[in-house]
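Structure, as structure tokens:
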Amino acid sequence: MKKFSFLVLLVLSVFSANVFAESEVDVWGGYARFGFDKKVDKSFSIIDSLSDESDEHVTKRKIKGMLDRAFTVGVDYYFGNGENVKPGFRVAYSQSCDTKKISVGSVNGDDAYVSIMASLGSVMPGIRLNYDINEKFSLNGKLFAGIAMTSYNIGVDLSGKTNDLVAIGGCRFAADVSIGAQYLFTEKFGLGLDLGYRPFPSDLSGFTAKLGLNFKI
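Going from the sequence shown to my numbering is simple: count from 1 and add 68.
This is the structure we're talking about:
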């Protein structure tokens, strides 16, 4: 039994060494587009259609800011011995750069707003296809698909102060596809640029641009 256990551990060790050999880590940041604005505006247009058209606070609703612009950061991990094809996974987070404020009336002469910020976190397995132009420069394509966690932070803004902040969100399927280029400064360190698109679901769709550092382990 001891010999068998030792053999199993030996096989697993060899397998792990082969699978995770030549692993790479990409740490990146950049810009992303959300589709949150369309969803929020649609929700308020439905409210407006059900409201009294003579109410000036409804018919002259003030809107400030937008949710579609977002900064994004993340980490990609790739493993395996393949030179041109490597599986991996991505952990990413995006936060709207602006706060959307939609007027809902007035209190003591001050405009009252619903204040909304949006964020998106995702965990996605995927694959990277790589094509070497030379020893320093390469082109690549990446495809990730997995789970996205969306969140709306909603509060009431009155006289410049936000109160009663509530988070509303949920999980859904999402994907991220991109093409990019990478330049190696050394055998273990490089700089990469990716341009991509998050194709679905509809309220998450948008273009992405990422600049990242690549480390070979």
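Where is the CB? At the ideal position from N, CA and C, for every residue including glycine.
- Apart from the 5 residues on each side of it in sequence, C165 sits with its Cβ closer than 7 Å to the Cβ of R137, A138 and F139 in its chain, given in chain order.
- Here DSSP, grouped into helix, strand and coil, assigns K132 to strand.
- For F257, the secondary structure class from DSSP, reduced to helix, strand or coil, is strand.
- Between Y181 and K169, the CB-CB gap stays under 7 Å.
- Closest in alpha carbon position to D262, among I201, R196 and D225, is R196.
- Considering only Y161, A186 and T254, the residue with the shortest C-alpha distance to D244 is Y161.
- Distance from the Cα of G150 is smallest, within the candidate group R129, S187, D179 and D200, for D200.
- In its chain, beyond the 5 residues on either side, Q250, Y251, L252 and N282 have a beta carbon closer than 7 Å to the beta carbon of G258.
- Residue pairing by DSSP places C239 opposite M217 in a beta bridge.
- In terms of Cα proximity to V141, the closest of V159, V153 and F147 is V159.
- By the criterion of a C-beta distance shorter than 7 Å, D179 is surrounded in its chain by K130 and S171, once the five residues flanking it on both sides are discounted.
- By the neighbour-count criterion, in which 16 or more other beta carbons inside 10 Å mark a residue as buried, S246 falls on the buried side.
- Distance from the Cα of V234 is smallest, within the candidate group I215, D225, R240 and F241, for D225.
- Here V108 is buried. Its C-beta has 16 or more other C-beta atoms within 10 Å.
- By a beta-carbon distance limit of 8 Å, L272 contacts G103. Their separation comes to about 6 Å.
- Residue environment analysis places L135 among the buried positions, since at least 16 neighbouring C-beta atoms fall within 10 angstroms of its C-beta.
- The three-state secondary structure of K107, taken from DSSP, is helix.
- Beta-bridge partners assigned by DSSP to P155: I195.
- The beta carbon of I285 sits closer than 6 Å to the beta carbons of S91 from its chain, once the five residues preceding and following it are set aside; these are given in chain order.
- According to the DSSP assignment, G148 belongs to no beta strand (DSSP E), since it is labelled neither H nor E.
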